[in-house]
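Take a look at the structure set out below.
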Amino acid sequence: MVRVSGKIRRLLVDAGLVSDEDWAAARERGGQPLATLLSQGALTETALLATLGSAAGVAPVDMSRMRPDPNALALIPQDMCLEHGILPLAKNDDILTIVISDPFDVLLLDDLKRLTRCSVRTVLSHPAAIKTASDTLFDTGSRQVDDLLGSVSGNEVEVAVEQEQENIEAAAVSSEDAPAVKLMNLIILRGLKEKASDIHIEPGESAMRVRYRVDGAMYEALRPPTTIGPALLSRLKIMSSLDIAERFAPQDGKFQIRFENRKIDFRLSILPVVGGEKAVMRILDTGSMSLKLDSLGYEQKTLDDIKRASNAAYGMLLLTGPTGSGKSTTLYSCIKEVATPDVNVVTVEDPVEYRMDGINQVPVNPKRGMTFAGALRSILRQDPDIVLVGEIRDTETADIAVKAALTGHLVLSTLHTNDAATTITRLVDMGIDPFMVSSSLLCIGAQRLARKLCLHCRIKLEALPKDELLSVGYLEPEIEALEIWGPNPEGCQRCKDGYKGRFAILETLYLEGELKRMVVERRSAMEIKTAAMRLGMLTLRRVGLLNVARGKTSLEEVLRTTLDDK
């Protein structure tokens, strides 16, 4: 693991780029604090390289444009490059140029001089950029998978399955060297390195298919032989304490692994399909999740609305959006904003995705009678100040949540609707009296996740016709100075297909005055939305278009993830 010297932390703190508290909080999340701060947006790569380069007198380089010389690569073992986060770039006579992320590691530099018998010249780059370039050059993960798949035989797989069925405990220990165990470890490891949110393992006639969901898009990574399928599924069931003999009923489980010095939770779902069983693993990486509302990148208007509702003494804040749109992250961030030692916060979730210190979290368990409604009734007898309900699924839960919001509690929850305005009509359709909805609801947020353009390879597009820009929602004064960027289809070393990472698009509808009266009068969702826009509400489409104008995402991505406001 690449270590970060204390001098880097001190330089960043002295430069005012981070605080000691930010560094400590990032360290508590596990992994590397520098990588955590960069991934959360608390520190920019440009500012980091400028500060370190200036202090050490080392020039920064763009790794996406570098093509290391094979003669230079041969001088340093791959293991050493990966362990220390370095990469040889070029060799001229006895001068070896090496890219490094920590220019103050003098012991490493001395080791490199002795090993290579060259004068070492260093250049500077971001640790993740060096790692990406190293993974591409060495491609160790793919090589391991190819070697492993080439060694798999049907007999080995059958023996492994039989052993697991006979003795689960013994198989979990004795099969550590089995092909299925090795392959499953590599599949999971590759998913973590790719920063996937989900891993899909699907049966097929001639071969299985392993797919990853990265930044919301699915792509195929591996095609293991069908003979190893039963052993892979058995291995997953053992890891999740499920019944390996059951192959004709759905099963859900979870397990935890340690990766880069932090704990990562996996939620497993197994479903019988034609040809066998399909497994989907949801990766819940708390180390990469930012819990500060200010760092989530919301528009100032929507951020103010969310903060205003989160700090209210009582009432209800609802978030809506499809599965995987970041609703849980936003709700946890709201809780983090207001959770203090003098506040009693209780949550009821299905399942508990992220564990938070100082918060009482209740998992739903329908098999034992612990439903959302039942748990919510019990929670209200626990003297709570703030209640988080994972999801309002039925009228009973909605009724209890509304009444709790009216009796001095702050209630946060989610609902599945298309936008903020239709959430109101959805609650009324569920049987909640419009007056109760108007009195209890503070704010409704609708959220989507859109892919971010890779800033290293994005391309500037030709201006679209004025009527097209007006039709998608741009205002006439905005069009003249508008620059639209798009993804580079070929991508670069830092991205896939021109996109890297995702960000939240959030619209907020804060209920007050005229809007509350419209709810009581049972006005339609479109009428409420039109009035809210007139009063300054930023819709999902509008927020998306603002980010297109900033060059953060593409117009096609916004049109894909949001609906027209008309």
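Note that the working numbering has the sequence shown beginning at 60, numbered continuously upward. C-beta atoms are modelled at their ideal positions from N, C-alpha and C, and glycine is treated no differently.
Roughly how many whole angstroms lie between the Cα atoms of residue i and residue j?
i, j, result
"V273", "D152", "43 Å"
"K386", "I157", "43 Å"
"R601", "S265", "47 Å"
"A237", "D128", "38 Å"
"V240", "L291", "7 Å"
"K611", "L520", "14 Å"
"P548", "Y558", "9 Å"
"S233", "P119", "The pLDDT assigned to S233 is 41, lower than 50, so where the model puts this residue is not dependable, and the model offers no usable value."
"I418", "L534", "45 Å"
"A133", "N320", "30 Å"
"A101", "W82", "10 Å"
"A608", "A540", "9 Å"
"L435", "L528", "47 Å"
"T103", "A398", "28 Å"
"L471", "R180", "55 Å"
"L70", "G288", "51 Å"
"N214", "L352", "Model confidence at N214 stands at a pLDDT of 37, short of 50, so the residue's coordinates are unreliable and nothing is read from them."
"D623", "D526", "15 Å"
"F575", "S497", "One detail in the question is off: residue 575 reads as Lys in this sequence, not Phe. Those two C-alpha atoms are separated by around 5 Å."
"P331", "P284", "18 Å"
"K150", "G449", "57 Å"
"R593", "Q359", "18 Å"
"D453", "R485", "11 Å"
"M415", "T95", "18 Å"
"K26", "A114", "Because the chain spans 60 through 625 in this model, residue 26 falls outside it and cannot be assessed."
"G263", "L281", "12 Å"
"V220", "N606", "Only weak support is given to the placement of V220: the predicted model assigns it a pLDDT of 36, under 50, and the value that follows is read from those uncertain coordinates. Straight-line Cα distance between these residues: approximately 51 Å."
"E408", "A432", "11 Å"
"A457", "R270", "37 Å"
"L639", "S328", "Beyond the ends of the chain as shown, which are 60 and 625, falls residue 639; an answer cannot be given."
"S78", "L107", "14 Å"
"R86", "G112", "23 Å"
"L171", "P147", "10 Å"
"R68", "I587", "50 Å"
Compute the distance between the beta-carbons of residue i and residue j, then report whether it is under 8 Å.
i, j, result
"L599", "A480", "no"
"L474", "I451", "yes"
"R268", "E253", "no"
"L501", "A371", "yes"
"A584", "I483", "yes"
"T430", "V421", "no"
"G355", "S392", "The displayed chain sequence assigns Leu, not Gly, to residue 355. Yes, Cβ-Cβ distance for L355 and S392 is below 8 Å."
"I135", "L174", "yes"
"T389", "L378", "yes"
"F325", "R341", "yes"
"T620", "G603", "yes"
"C177", "L196", "no"
"S631", "V461", "For residue 631 there is no data in the structure shown, the boundaries of the chain being 60 and 625."
"S369", "L512", "no"
"G275", "R561", "yes"
State the CB to CB distance for the pair residue i and residue j, rounded to an integer number of angstroms; the pair is presumed to be in contact (CB under 8 Å).
i, j, result
"L394", "L343", "What sits at residue 394 in the sequence shown is Ile, not Leu. Incorrect: roughly 16 Å between the Cβ atoms, too far for contact."
"A509", "I459", "Actually they are not in contact, since the Cβ atoms of A509 and I459 sit about 34 Å apart, beyond 8 Å."
"V339", "D257", "6 Å"
"E261", "R306", "In fact, because the Cβ distance is near 15 Å, the residues do not count as touching under 8 Å."
"S184", "Q552", "Incorrect: roughly 11 Å between the Cβ atoms, too far for contact."
"I316", "I247", "7 Å"
"A464", "M375", "4 Å"
"P313", "S299", "With the sequence shown as reference, residue 313 is identified as Lys, and Pro is not the correct amino acid for it. Contact flag correct, Cβ pair sits at about 6 Å."
Worksheet item: Counting pairs of Cβ atoms below 8 Å between the region 501–515 and the region 394–404, do you hit three or more?
Response: no
Worksheet item: Are there three or more Cβ pairs, one per stretch, closer than 8 Å when the region 566–575 is compared with the region 131–149?
Response: no
Worksheet item: Can you give, in chain order, each stretch of the alpha helix (DSSP H) that sits fully within the region 82–136 and has at least 4 residues?
Response: 92–99, 104–115, 129–132
Practice prompt. Only counting runs of 3 or more residues, tell me where the beta strand (DSSP E) segments fall wholly within the region 415–460, in order along the chain.
Written response: 419–422, 445–448
Worksheet item: Is the region 484–498 close to the region 509–526, with three or more CB pairs under 8 Å?
Response: No: the two stretches stay apart, fewer than three of their Cβ pairs being nearer than 8 Å.
Worksheet item: Which runs of the alpha helix (DSSP H) fall wholly inside the region 516–603 and span at least 4 residues, in chain order?
Response: 525–531, 535–538, 573–579, 584–593
Worksheet item: If we count Cβ pairs, one from each stretch, closer than 8 Å, do we get three or more for the region 160–173 versus the region 183–195?
Response: yes
Item to complete: Please specify which runs of the beta strand (DSSP E), each continuous and at least 3 residues long, are wholly inside the region 384–410, giving them in chain order.
Response: 404–408
Discussion item. For a minimum of 4 consecutive residues, which ranges assigned as the alpha helix (DSSP H) are wholly contained in the region 275–359?
Written reply: 288–298
Fill in: Complete beta strand (DSSP E) runs within the region 136–165 (minimum length 3 residues, chain order)
145–151, 154–159
Fill in: Runs of alpha helix (DSSP H) lying entirely within the region 361–385, each at least 4 residues, in chain order
none
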